[in-house]
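A.B. asks: Chains as they are written, first to last, in numbering that gives the first Met the number 0: chain E, 0 to 266; chain L, 0 to 72. Glycine included, every Cβ here is placed at the ideal spot set by N, Cα and C.
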Amino acid sequence: MLTESQIERYSRHIILKEVGGKGQQKLLDGKVLIIGAGGLGAPVALYLAAAGVGTIGIADADDVDLSNLQRQVIHFTADIGKSKVESAKEKMEAINPDVKVITYKEWVTAANISGMLADYDFIIDGTDNFAAKFLINDACVLAGKPYSHGGILQFVGQTITVLPGQSPCYRCLFPAPPPKDAIPTCSQAGVIGVLPGVIGSIQATEAGKFLLGKGKLLAGRFLLYESLDMKFRDVEIKRNSNCPICGENPTITEVKDELDALTVCDL
Amino acid sequence: MIITINGKETTIPENPERSVDSLLEELDVSQRLYVTVELNGDILDRPAYETTPVNEGDVIEFLYFMGGGAQAC
Chain E
0 MLTESQIERY SRHIILKEVG GKGQQKLLDG KVLIIGAGGL GAPVALYLAA AGVGTIGIAD
60 ADDVDLSNLQ RQVIHFTADI GKSKVESAKE KMEAINPDVK VITYKEWVTA ANISGMLADY
120 DFIIDGTDNF AAKFLINDAC VLAGKPYSHG GILQFVGQTI TVLPGQSPCY RCLFPAPPPK
180 DAIPTCSQAG VIGVLPGVIG SIQATEAGKF LLGKGKLLAG RFLLYESLDM KFRDVEIKRN
240 SNCPICGENP TITEVKDELD ALTVCDL
Chain L
0 MIITINGKET TIPENPERSV DSLLEELDVS QRLYVTVELN GDILDRPAYE TTPVNEGDVI
60 EFLYFMGGGA QAC
């Protein structure tokens with residue numbers, strides 16, 4: 000049952016016929032894990048907390064750095080040096096005391112990821128490196144957890160929602176991570192500050208739609224955003240029968256760290 | 000001949016010998032060694048890049064690796 004103050008807080012949701020009181024209760028009962036409390040994770044955490052997603056996990060081992068503040072809008076100047084997950088938790092709870100925030104001040108690894116995502120309904124990949132992106136994909140596919148991939152670089156972004164067993168996964172698109180240092184990172188090549196706001200907001204939309212069970216998810220469609228031309232395009236993607244994890248003859252049957260890609264993250 | 004690359008109609012010189020791999024080189028596609036190629040709706044396996052010809056009217060998408068967000072490993 001929603002309280003009087005919840006009815007007021009969520010009134011703009013409740014008047015939507017796709018949401019209503021029942022949908023708001025679904026959001027309040029929903030559990031979303033955000034991996035990465037950086038540029039992508041920041042808008043996801045803020046919007047999902049504001050929306051009243053009842054349990055939000057947030058994982059990141061990093062501390063807030065001055066160079067983060069140009070885009071990681073959940074962290075403030077006074078937070079420099081503080082752990083990112085604590086900084087994020089403070090803002091999320093300040094926005095909405097309904098929300099239970101669970102922090103994981105650790106990097107995701109093959110050893111901890113499966114246990115971490117077990118309690119959640121939907122996972123957000125807000126990471127910046129391919130070791131983590133492939134690990135998240137593999138863990139979600141093997142556990143049957145739906146998740147949203149997001150990627151950004153310079154002025155362009157990409158996102159896709161993965162429904163394991165039903166829609167193409169990240170390895171259907173990219174069977175293996177690139178070798179270390181093959182692809183520039185945001186710290187090397189730059190990123191326009193608002194870009195993760197756009198892509199992260201789309202990821203948050205997908206999480207909300209999933210919890211509500213409404214609309215058509217961005218599954219089987221790879222959404223590409225080019226901010227300089229201000230163009231969105233979605234490219235239809237089919238499941239890949241040769242996918243090493245969700246194809247006909249999978250070679251990956253357990254999560255493992257992609258060691259060749261790991262050293263990318265020596266920021 | 001005309002093909003569609005990343006949603007844009009593009010004219011390229013006639014060349015019956017052209018493979019997907021040689022197209023990547025000809026167009027100087029970035030991330031050439033790692034880019035995923037979708038040809039007419041199907042993701043190509045990398046070993047097929049050298050043996051798959053490019054034909055008139057093909058719809059080709061180059062799909063790039065993109066990181067971003069937060070360090071998390």
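1. Apart from the five residues just before and just after VAL155(E), which ones in its own chain have a Cβ nearer than 6 Å to its Cβ?
2. Given a threshold of 16 other Cβ atoms within 10 Å of its Cβ, counted over all protein chains shown, does ASP20(L) qualify as buried or as exposed?
3. Could you name the residues of the same chain whose beta carbon sits closer than 7 Å to that of GLY19(E), not counting the 5 residues immediately before and after it, in chain order?
4. Under a three-way DSSP split, which group does CYS72(L) fall into?
5. Starting from SER10(E), follow the alpha helix (DSSP H) in both directions and report where the run begins and ends.
6. Step through the CB atoms of chain E and report whether any lies within less than 9 Å of the CB of GLU13(L).
7. Among ASN54(L), SER29(L) and GLY66(L), whose alpha-carbon lies nearest the alpha-carbon of LEU2(L)?
8. Residue range of the alpha helix (DSSP H) that GLN187(E) falls in?
9. Quick test of the definition: if touching needs 3 or more C-beta pairs under 8 Å, does the segment 197 to 215 of chain E touch the segment 139 to 159 of chain E?
10. GLN231(E): buried (16+ other C-beta within 10 angstroms of its C-beta) or exposed?
11. Does the ligand HEM have even one heavy atom less than 8 Å from the beta-carbon of LEU227(E)?
12. Return the residue from the list SER66(E), CYS245(E), ARG170(E) and GLY214(E) that minimises the CA-CA distance to GLY189(E).
13. In angstroms, rounded to a whole number, what distance separates the CA positions of LYS88(E) and LEU26(L)?
14. Output, in chain order, the set of chain E residues within a Cβ distance shorter than 9 Å of LEU62(L).
15. Tell me which residues of the segment 174 to 205 of chain E have at least one Cβ-Cβ distance to chain B shorter than 7 Å, keeping chain order.
16. Please report the residue range of the beta strand (DSSP E) in which ASP233(E) lies.
17. Pull up the distance between the alpha-carbon of VAL84(E) and that of TYR103(E), whole angstroms please.
18. Would the segment 137 to 150 of chain E and the segment 181 to 188 of chain E be scored as touching if the rule is three or more Cβ pairs under 8 Å?
19. Please report the Cβ distance between LYS90(E) and LEU45(E), rounded to the nearest whole angstrom; I am assuming they are in contact, meaning their Cβ atoms lie under 8 Å.
20. Can you check DSSP and say which residues form a bridge with HIS74(E)?
21. Who does ASP64(E) pair with in a DSSP beta bridge?
22. Alpha carbon to alpha carbon, how far is MET115(E) from SER82(E)?
23. Could you pull out every unbroken beta strand (DSSP E) segment of at least 3 residues lying fully inside the segment 81 to 151 of chain E, listed in chain order?
24. For chain E, find out if any of its Cβ atoms is closer than 9 Å to the Cβ of ARG45(L); answer yes or no.
25. Closer than 9 Å by beta-carbon distance: list the chain L residues that pair up with PHE154(E), in chain order.
26. Among the residues of its own chain, which have a CB less than 8 Å from the CB of MET0(E), if the five just before and after it don't count?
27. Classify GLN30(L) as helix, strand or coil using the three-state DSSP reduction.
28. Using only CA atoms, which one of PHE129(E), TYR9(E) and LEU68(E) lies nearest to LYS255(E)?
C.D. replies: Working from what's here:
1. The beta carbon of VAL155(E) sits closer than 6 Å to the beta carbons of GLU225 from its chain, once the five residues preceding and following it are set aside; these are given in chain order.
2. ASP20(L) should be labelled buried.
3. Within the same chain, ILE13 come within 7 Å of GLY19(E) by CB-CB distance, once the 5 residues on both sides are set aside.
4. Legend: pLDDT at CYS72(L) = 39, less than 50; position of this residue unreliable, no value from coordinates given.
5. Per DSSP, SER10(E) belongs to the alpha helix (DSSP H) from 10 to 13.
6. The beta carbon of GLU13(L) sits no closer than 9 Å to any beta carbon of chain E.
7. Looking at the sequence provided, one finds Ile at residue 2(L) rather than Leu. With distances taken between Cα atoms, ILE2(L) lies closest to ASN54(L).
8. In this chain, the alpha helix (DSSP H) harbouring GLN187(E) covers 185 to 188.
9. Result yes; three or more Cβ-Cβ pairs closer than 8 Å.
10. For the record, residue 231(E) in the displayed sequence is Phe; it is not Gln. When all chains shown are included, PHE231(E) counts as exposed.
11. No copy of the ligand HEM occurs in the structure displayed, which carries no ligand at all.
12. That would be SER66(E), whose Cα lies nearest to the Cα of GLY189(E).
13. Rounded to the nearest angstrom, the two C-alpha atoms are 47 Å apart.
14. What LEU62(L) touches in chain E: GLN157, LEU172, PHE173, PHE221, LEU223, VAL234 and ILE236.
15. In the structure shown, chain B does not exist; the protein chains are E and L.
16. For ASP233(E), the enclosing beta strand (DSSP E) covers residues 230 to 235.
17. Put simply, the backbone Cα of VAL84(E) is about 7 Å away from that of TYR103(E).
18. Result no; under three Cβ-Cβ pairs closer than 8 Å.
19. With 8 Å as the limit, LYS90(E) and LEU45(E) qualify as a contact, their Cβ atoms being about 7 Å apart.
20. The partner list for HIS74(E) (beta bridge, DSSP) is empty, contrary to what the question assumes.
21. For ASP64(E), which the question treats as bridged, DSSP gives no partner whatsoever.
22. Roughly 19 Å separates the two Cα atoms.
23. As far as the segment 81 to 151 of chain E is concerned, its whole beta strand (DSSP E) runs of at least 3 residues are 99 to 103 and 121 to 124.
24. Interface residue, yes.
25. What PHE154(E) touches in chain L: nothing, since even the nearest Cβ is about 11 Å away.
26. So the list is empty, once near-sequence residues are dropped.
27. Of the three classes helix, strand and coil, the one that applies to GLN30(L) here is coil, per DSSP.
28. Relative to LYS255(E), the option among PHE129(E), TYR9(E) and LEU68(E) whose CA is nearest is PHE129(E).
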